[in-house]
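Colleague:
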Amino acid sequence: MRYGIYLPNQGAFADVGVLVELAHAAEAAGWDGFFIWDELLPLYAHNEAVRATLGESHDAADAMVALTAVAAATERIRFGSLVTAVARLRPEALLARRRRSTNCQVVG
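Residues 1 to 108 (full-length UniProt numbering) make up the sequence shown, in order.
1) Is the stretch 74-81 close to the stretch 49-62, with three or more CB pairs under 8 Å?
2) At which residues does the beta strand (DSSP E) containing residue 22 begin and terminate?
3) In the DSSP assignment, find the beta strand (DSSP E) that holds residue 78 and state where it starts and stops.
4) Would you kindly check if the distance between the Cβ of residue 11 and the Cβ of residue 54 is under 8 Å?
5) Relative to the C-alpha of residue 3, which candidate in 23, 20 and 34 has its C-alpha closest?
6) Using only CA atoms, which one of 70, 21 and 13 lies nearest to residue 52?
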């Protein structure tokens with residue numbers, strides 16, 4: 001049996017650097033997989049526990065940008081998004097989201 005971690009890419013986890021650190025730590029701890037959401041729009045928390053984890057920020061990191069950074073930082077862990085609905089991805093929105101995620105990663 002293999003074990004993986006499934007994390008959001010929103011709120012407190014919207015920072016690509018945080019996701020990279022978590023993926024690297026998961027790999028070092030022996031986890032087999034690292035998976036994230038693929039949401040372009042923030043999901044609104046339905047209960048206090050989720051709201052406490054994600055925080056009040058409505059930011060969301062682009063899943064493909066985040067997974068590219070995870071790939072560069074890890075060696076053996078499997079990674080991916082659990083659902084990618086390609087039909088809903090508008091090219092102009094996708095490009096804008098990736099540019100913003102990449103800029104946040106570069107600037108810091």
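For glycine and all other residues, C-beta sits at the position ideal for the given N, C-alpha and C.
Modeller: Short version:
1) no
2) Not the beta strand (DSSP E): residue 22 falls in the alpha helix (DSSP H), residues 16-28.
3) 78-81
4) yes
5) 34
6) 13
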